[in-house]
Structure formats: structure tokens, C-alpha cells
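Chemist: One structure, as C-alpha cells, below. Some questions next.
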Amino acid sequence: MRAIDYTPSKEGKVTYQTLFELKFKQKIPTIELEMKFPKDKEKISRLALLELPAEVLKTVVKDEKKLTHLKSLRRSLFGSKS
Numbered sequence: 047m048r049a050i051d052y053t054p055s056k057e058g059k060v061t062y063q064t065l066f067e068l069k070f071k072q073k074i075p076t077i078e079l080e081m082k083f084p085k086d087k088e089k090i091s092r093l094a095l096l097e098l099p100a101e102v103l104k105t106v107v108k109d110e111k112k113l114t115h116l117k118s119l120r121r122s123l124f125g126s127k128s
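When we follow the numbering used here, the leftmost residue of the sequence shown carries the number 47, and every step to the right adds one.
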């Protein structure tokens, strides 16, 4: 496993923004992130779902509240993409 360069938040937590930068900008695979941050597997899994096209995401995530959360997360991290 390669060394992962990151700065934890003031509270020592890994934020969505940090995970996003590691996954999408530094191209760290999901499995490596899960091994490095085992307490944040849910956040990492949500980020992995954001790679799916919107129509596929709708078929995978049936819960409307979770789907809304993922769409909001996608907008905040990726910008105007929905």
C-alpha cells in the first residue's frame, strides 16, 4: 500500500473533502482508502457511489433520503454536476 498524504481536520476526523481529494485528485483506489481509514468506510462507500451516473445511482439507491443526500454531496464536491 502506498503512503497517503493528507492532513486531518482539527477534530482529527477525515472529512468528505479530504477523502474526495484523495480518491479523485490523487487517484487513491477505494480499497486503499478503506484500509487506511477503516472507521470511515461509510463515507468512502458514499464517495465511491458518486462515480456512478445519476440514472444508475437512482436504480442502486432506492431510499429517497439517501439518494437526496448523495446528490447533495455530489453537487458540493464536484460542483454543478447532479
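By construction, the Cβ of each residue, glycine as well, lies at the ideal position given by its N, Cα and C atoms. Owing to the predicted nature of the structure, the values given are computational and were not obtained by experimental measurement.
Note down the Cα distance separating leucine 79 from isoleucine 90, rounded to an integer number of angstroms.
Modeler: Going from the Cα of leucine 79 to the Cα of isoleucine 90 covers about 7 Å.
Chemist: Hey, would you say valine 107 sits closer than 7 Å to leucine 98, going by beta carbons?
Modeler: It is not a contact, given that the beta carbons lie outside the stated cut-off.
Chemist: Which same chain residues end up closer than 6 Å to leucine 123 when comparing Cβ atoms and leaving out the 5 residues on each side of it in sequence?
Modeler: Taken in chain order, the residues that qualify are Phe66.
Chemist: Less than 7 Å between the C-beta atoms of leucine 95 and leucine 116, yes or no?
Modeler: Yes, these two residues count as a Cβ contact at 7 Å.
Chemist: How many angstroms separate the CA atom of glutamine 63 from the CA atom of glutamate 88?
Modeler: Computed Cα separation, rounded: 14 Å.
Chemist: How far does the alpha helix (DSSP H) with isoleucine 50 in it reach, from first residue to last?
Modeler: First-last for isoleucine 50: undefined, no H or E at that position.
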